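Number of protein chains: 2
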Amino acid sequence: MEKVFASIITIGDELLIGQVIDTNSAWIAQELNKIGILVKHRVAVGDVWADIWQALDEESKQASIIIITGGLGPTADDITKPLLCKYFGGKMIVHQPTLDHVTNIFENILKRPMIERNAKQAEVPDVCTVLKNEKGTAPGMLFKTENKIFISLPGVPHEMKWIMTNQVIPLIPDVFPTGFIEHRTLLTAGIGESFLAEMIQDFEEALPQHIKLAYLPNYGMVRLRLTAFGFDKSILQGEISTCFQSLKEKVKDFLVVDEDIPMELVIGRLLKEKGKTMATAESCTGGYIAHLITAHPGSSAYFIGSVVSYSNTIKERLLNVSDEMLHTVGAVSEATVQQMAKSVLTLMQTDYAIAVSGIMGPDGATAEKPVGMVWVAVANKDKVITKQFNFRFDRRRNIELTSTNALNLLRIFIIETH
Amino acid sequence: MEKVFASIITIGDELLIGQVIDTNSAWIAQELNKIGILVKHRVAVGDVWADIWQALDEESKQASIIIITGGLGPTADDITKPLLCKYFGGKMIVHQPTLDHVTNIFENILKRPMIERNAKQAEVPDVCTVLKNEKGTAPGMLFKTENKIFISLPGVPHEMKWIMTNQVIPLIPDVFPTGFIEHRTLLTAGIGESFLAEMIQDFEEALPQHIKLAYLPNYGMVRLRLTAFGFDKSILQGEISTCFQSLKEKVKDFLVVDEDIPMELVIGRLLKEKGKTMATAESCTGGYIAHLITAHPGSSAYFIGSVVSYSNTIKERLLNVSDEMLHTVGAVSEATVQQMAKSVLTLMQTDYAIAVSGIMGPDGATAEKPVGMVWVAVANKDKVITKQFNFRFDRRRNIELTSTNALNLLRIFIIETH
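As they're listed, the protein sequences go chains A and B.
Numbering follows our numbering, with no gaps: position 259 of the first sequence is 644.
Numbering follows our numbering, with no gaps: position 233 of the second sequence is 618.
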């Protein structure tokens, strides 16, 4: 049994001029990884016949499974389908089940007349196997050659995901019996990448050939990922578990969680375990912390709400920050976030609260309060802890860094005060 | 003068296993586009010597400018620098200005001892021109061959952006005098991609060869982009302006804005022009609308704040939704969002308010209220408008769709009530 490699081709001018960020490829890679397929190569090309054709030629040299996304919409800038038809030597035919499906969507769901352009989505090359798209009008297509498969999927993420999950992933193990890939990931906070590397150098050097360590720094935290490849699943799992255990021991002073989950879910679990609740009072983050938390299903069990006090009048009126405080120490101060945290705790009647106030930039800085200066408070009914941060980045990154660092402060506070 | 093409190589296993989404490529493409460079190809490879080497070989056949990001960190999974050194036939030397820079960062900014690993970042191939990285420790590198340039940049987005903006973009026009690319983008809402295509079919077919139209559907809205390429800037601008004017005319009933800006900025401009303010009361979106608005500098001029009433107790206590209402029509109802909108308008003393309540999934649905059912209200002191939406997607997308559609409802309301 050999390693099976996949390649992903994404099609669309919007990717090359940078108007759209490709999130599909990352998702596809994750799903393929789970069944032991390594993505070896990813390529993006524009809506240009020759470039797509060449990508098909090139990628089929690199991999056994070629996943193609994009270029299947109903509009004229999409040339993928006729190209694939020609590439695999077929002719276009109407696929009746797809036509029925598209007709049904228009008649019964959208309740709009179907136009010629929509009906055309039911045309497919006669040399492909149609992959039903329950979430949209453009079907997926599977082309088989002697020892490779080519899969063409629509670029709309939720349509692509549905077809991958329900039709592509299940068929791959039959075509390509693969080895196994195991990943173990942990999250650290409070230590830089190079210091971490120094700390675990011996560990890294002692790793066996088939287990790799990667450093993934993000938002002031570093994830460490072990990846193992092998053909005996139980041996592999034993090996990687032993390595992972030893890695956890090495970094234990900075360990947030020994899974690949974000900070806000770590807090969610802590709160759920203890049956506790939380709220946020957000000035500079403008609701982003609340959004991070509520993006996860089940967050209503521990997240009660937030006051986004973007204007100082709201800090005064809803969070009891006094006019005097705002005029002496100012909105970005230890005293203000302390008051915000205490007030939102009372207002929302929660067990824990986060409050943040800072200068996110590019405007609003003063000599004493530069862009990136942030005060964070975390509180329960007995205690308020504050911390000042100084980030040196752009607005978006400052908002993200403030949010994850505030969440980390709360995480430590929950553990320590319990 | 010929078209100049660029290619982007991103390096890192984290991209291929899908743990990280590549946002760098989109940004780089946008910047290159502005100076007339077309990105023709983008490729992602893992931290594997042979794959990186092959990507360099392949991409240099495709393009004159090859931008390489990633693989320059201080840790052992990074092999890019020695590889580039070998590829271009150099040997590694210490670059004194970089060493001084790295030393300074540790001594004066991080105030931590510098370790061997950090010092090593000042080693570069002697055949490259060093591109200073003011934002971090890993320098950029420029390699020139007879008729191509290769630029290697760190993968950390704000470091990569600083080097691109300050050192790479300014030097390109000297090396490659290029033609011009002009884009014009507009945003539509309330019409599907295929209907839009039908509506502007004549327009599209009549476009000259060197002007292309693209459809970019996203979050229930469709952006239309015209792209023109040519060698006489003023003729090109005249042509594309004429086409764009005629496109705007064709889609005027669905036109949101004739620029490539997001919905929340359109609202921000409307409010700023009129000297008005707004607030949000968010249940199911959990602060995401507030975040979208406050992600933009200057939003404090019109955005006052938000009550994220995730729990019903907060709807009652802060937004005067009665216990009776919650028990009869429920939290996801027209009456509830009406009350939320009116209350937050009063509470925050703003001119306009948005309120949302819905079932984002995967949990929380009932027979009458399925996942994706959302009520939105927009209000000023005289009037409340409500609308029900039914989205059929996953939690993240439902949150995004609810937010942009609520913002669009407010946009229309602001225009109509003024």
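C-beta atoms are modelled at their ideal positions from N, C-alpha and C, and glycine is treated no differently.
Quantities reported herein were computed from a predicted structural model and do not represent experimental measurements.
- Query: How many angstroms separate the CA atom of residue 792 of chain A from the CA atom of residue 760 of chain B?
  - Reply: Taking the first sequence and counting its residues from 1, the one referred to as residue 792 of chain A is at position 407. Taking the second sequence and counting its residues from 1, the one referred to as residue 760 of chain B is at position 375. Cα to Cα, residue 792 of chain A sits roughly 30 Å from residue 760 of chain B.
- Task: Kindly indicate which three-state DSSP category residue 523 of chain B falls into: helix, strand or coil?
- Result: Position 138 of the second sequence holds residue 523 of chain B. DSSP places residue 523 of chain B in coil when its eight states are reduced to three.
- Query: Are the C-beta of residue 679 of chain A and some C-beta of chain B separated by less than 8 Å?
  - Reply: For this step, residue 679 of chain A is matched to residue 294 along the first sequence. Interface residue, yes.
- Query: Going along the segment 425-436 of chain B in order, which residues come within less than 9 Å of chain A, judged by CB to CB distance?
  - Reply: Taking 9 Å as the Cβ-Cβ cut-off against chain A, the residues of the segment 425-436 of chain B that qualify are 425, 426, 427, 428, 429, 430, 431, 432, 433 and 436.
- Message: Less than 8 Å between the C-beta atoms of residue 396 of chain B and residue 432 of chain B, yes or no?
- Response: As a working mapping, residue 396 of chain B is identified with position 11 in the second sequence. As a working mapping, residue 432 of chain B is identified with position 47 in the second sequence. In this structure, residue 432 of chain B lies closer than 8 Å to residue 396 of chain B by Cβ.
- Is it a yes or a no for the segment 522-542 of chain A touching the segment 476-490 of chain A, going by three-plus beta-carbon pairs under 8 Å? The segment 522-542 of chain A vs the segment 476-490 of chain A: in contact.
- CA nearest to the CA of residue 494 of chain B, picked from A:587, A:725, A:781 and A:776: Here residue 494 of chain B is taken as the residue at index 109 of the second sequence, counted from 1. The shortest CA-to-CA distance from residue 494 of chain B to any of A:587, A:725, A:781 and A:776 is the one to A:776.
- Under 8 Å by beta carbon: chain A residues contacting residue 405 of chain B: Residue mapping note: residue 405 of chain B aligns to position 20 of the second sequence, counting from 1. Against chain A, a Cβ distance below 8 Å from residue 405 of chain B picks out 411, 601 and 603.
- Can you list, in chain order, the stretches of the beta strand (DSSP E) that have 3 or more residues and sit fully within the segment 616-689 of chain B? Unbroken beta strand (DSSP E) runs of no fewer than 3 residues, entirely contained in the segment 616-689 of chain B, are found at 640-642 and 663-667, following chain order.
- With DSSP collapsed to three states, give me the class of residue 738 of chain A. The sequence position of residue 738 of chain A within the first sequence is 353, counting from 1. Residue 738 of chain A falls in the strand class under three-state DSSP.
- Query: So, is residue 430 of chain A buried or exposed, given that buried needs 16 or more other C-beta atoms within 10 angstroms?
  - Reply: As a working note, residue 430 of chain A is residue 45 in the first sequence. By the 10 Å Cβ count, residue 430 of chain A comes out buried.
- Query: What is the DSSP secondary structure of residue 877 of chain B, reduced to helix, strand or coil?
  - Reply: Absent from the model: residue 877 of chain B. The displayed extent of chain B is 386 to 803, so no value can be given.
- Meets three-Cβ-pair contact criterion under 8 Å: the segment 420-428 of chain A and the segment 452-460 of chain B: A contact is defined here as three or more CB-CB pairs under 8 Å, and the segment 420-428 of chain A fails this definition with respect to the segment 452-460 of chain B.
- Please confirm if residue 593 of chain A has its CB atom under 8 Å from at least one CB of chain B. Taking the first residue of the first sequence as position 1, residue 593 of chain A is located at position 208. No - not a single Cβ of chain B is within 8 Å of the one on residue 593 of chain A.
- Check residue 531 of chain A in the structure and name its three-state DSSP category. Sequence index remark: in the first sequence, residue 531 of chain A carries index 146 (1-based). Annotated three-state conformation of residue 531 of chain A is coil, per DSSP.
- Query: Looking at the unbroken beta strand (DSSP E) that takes in residue 426 of chain B, where does it start and where does it end?
  - Reply: Taking the first residue of the second sequence as position 1, residue 426 of chain B is located at position 41. In the DSSP annotation of this structure, the continuous segment of the beta strand (DSSP E) that includes residue 426 of chain B starts and ends at 423-430.
- At a Cβ threshold of 8 Å, is residue 521 of chain A touching chain B? As a first step, residue 521 of chain A must be located in the first sequence, where it is residue number 136. Residue 521 of chain A does not count as touching chain B.
- Quick one, are the C-beta atoms of residue 516 of chain B and residue 552 of chain B less than 8 Å apart? As a working mapping, residue 516 of chain B is identified with position 131 in the second sequence. As a working mapping, residue 552 of chain B is identified with position 167 in the second sequence. Going by C-beta atoms, residue 516 of chain B is nearer than 8 Å to residue 552 of chain B.
- Within chain A, the residues that residue 675 of chain B reaches when beta carbons sit closer than 7 Å: For the purposes of this step, residue 675 of chain B is taken as residue 290 along the second sequence, with counting starting at 1. What residue 675 of chain B touches in chain A, judged by beta-carbon distance under 7 Å, is 671, 672 and 693, going in chain order.
- Message: If distances are taken between C-alpha atoms only, which option among A:732, A:502, A:604 and A:438 comes closest to residue 541 of chain B?
- Response: Against the second sequence, residue 541 of chain B aligns to sequence position 156. Put simply, of A:732, A:502, A:604 and A:438 the residue whose alpha carbon is nearest the alpha carbon of residue 541 of chain B is A:604.
- Measure the alpha-carbon distance for residue 534 of chain A versus residue 801 of chain A and round it to whole angstroms. Start at 1 with the first residue of the first sequence, and residue 534 of chain A comes out as number 149. Start at 1 with the first residue of the first sequence, and residue 801 of chain A comes out as number 416. Answer to the nearest angstrom: the Cα atoms are 54 Å apart.
- Would you call the CB atoms of residue 497 of chain A and residue 582 of chain B closer than 8 Å? The sequence position of residue 497 of chain A within the first sequence is 112, counting from 1. The sequence position of residue 582 of chain B within the second sequence is 197, counting from 1. Cβ distance not < 8 Å, so residue 497 of chain A and residue 582 of chain B don't count as in contact.
- According to DSSP, is residue 472 of chain B helix, strand or coil? For this step, residue 472 of chain B is matched to residue 87 along the second sequence. The answer is helix: DSSP assigns residue 472 of chain B an H, G or I state.
- Query: Which residue comes first and which comes last in the beta strand (DSSP E) that contains residue 602 of chain A?
  - Reply: Counting from one through the first sequence, the residue named residue 602 of chain A turns up at place 217. Counting along the chain, the beta strand (DSSP E) containing residue 602 of chain A begins and ends at 596-603.
- Task: Mind listing the chain B neighbours of residue 747 of chain A? Cutoff is C-beta to C-beta under 8 Å, in chain order.
- Result: As a first step, residue 747 of chain A must be located in the first sequence, where it is residue number 362. The contacting residues are 682.
- Message: If distances are taken between C-alpha atoms only, which option among B:529, B:766, B:788 and B:731 comes closest to residue 774 of chain B?
- Response: Taking the second sequence and counting its residues from 1, one reaches residue 774 of chain B at position 389. Comparing Cα-Cα distances from residue 774 of chain B to each of B:529, B:766, B:788 and B:731, the minimum goes to B:788.
- Item | Neighbouring residues, chain B, relative to residue 780 of chain A (Cβ below 9 Å) | Within the first sequence, the letter at position 395 stands for residue 780 of chain A. Correct list: 680, 681 and 682.
- Task: Could you work out which residues of chain B lie near residue 415 of chain A, taking near to mean beta carbons separated by less than 9 Å?
- Result: To locate residue 415 of chain A, count along the first sequence from 1; it is residue 30. Those are 402, 403 and 404, listed as they occur along chain B.
- Message: Between residue 660 of chain B and chain A, is the shortest Cβ-Cβ distance under 8 Å, so that the two count as touching?
- Response: Locating residue 660 of chain B in the second sequence gives position 275, counting from the first residue. No, residue 660 of chain B does not count as interfacial toward chain A.
- Message: For a quick check, are the C-beta atoms of residue 662 of chain B and residue 675 of chain B less than 8 Å apart?
- Response: Here residue 662 of chain B refers to the residue found at position 277 of the second sequence. Here residue 675 of chain B refers to the residue found at position 290 of the second sequence. No, the Cβ-Cβ distance between residue 662 of chain B and residue 675 of chain B is not below 8 Å.
- Query: What separation, rounded to the nearest whole angstrom, lies between the Cα atoms of residue 862 of chain B and residue 607 of chain B?
  - Reply: The requested residue 862 of chain B is not part of the displayed model; chain B covers only 386 to 803.
- Task: Following the continuous alpha helix (DSSP H) through residue 592 of chain B, name the residue where it begins and the one where it ends.
- Result: Indexing the second sequence from 1 puts residue 592 of chain B at position 207. Taken as a continuous stretch (DSSP letters only), residue 592 of chain B belongs to no alpha helix (DSSP H), as it is neither H nor E.
- Message: Which of the three DSSP states is assigned to residue 541 of chain B in this structure?
- Response: In the second sequence, residue 541 of chain B corresponds to position 156, counting from 1. Residue 541 of chain B falls in the coil class under three-state DSSP.
- The alpha helix (DSSP H) with residue 413 of chain A in it runs from where to where? Stepping through the first sequence from its first residue, residue 413 of chain A is reached at position 28. That run of the alpha helix (DSSP H) goes 409-419.
- Query: Hey, residue 780 of chain A and residue 745 of chain A: beta-carbon distance below 8 Å or not?
  - Reply: Stepping through the first sequence from its first residue, residue 780 of chain A is reached at position 395. Stepping through the first sequence from its first residue, residue 745 of chain A is reached at position 360. The Cβ atoms of residue 780 of chain A and residue 745 of chain A sit closer than 8 Å to each other.
- Message: Less than 8 Å between CB atoms is the rule here; does residue 398 of chain B satisfy it with respect to chain A?
- Response: Within the second sequence, residue 398 of chain B is the residue found at index 13, counting from 1. In terms of beta-carbon proximity, residue 398 of chain B lines the interface with chain A, with at least one pair separated by less than 8 Å.
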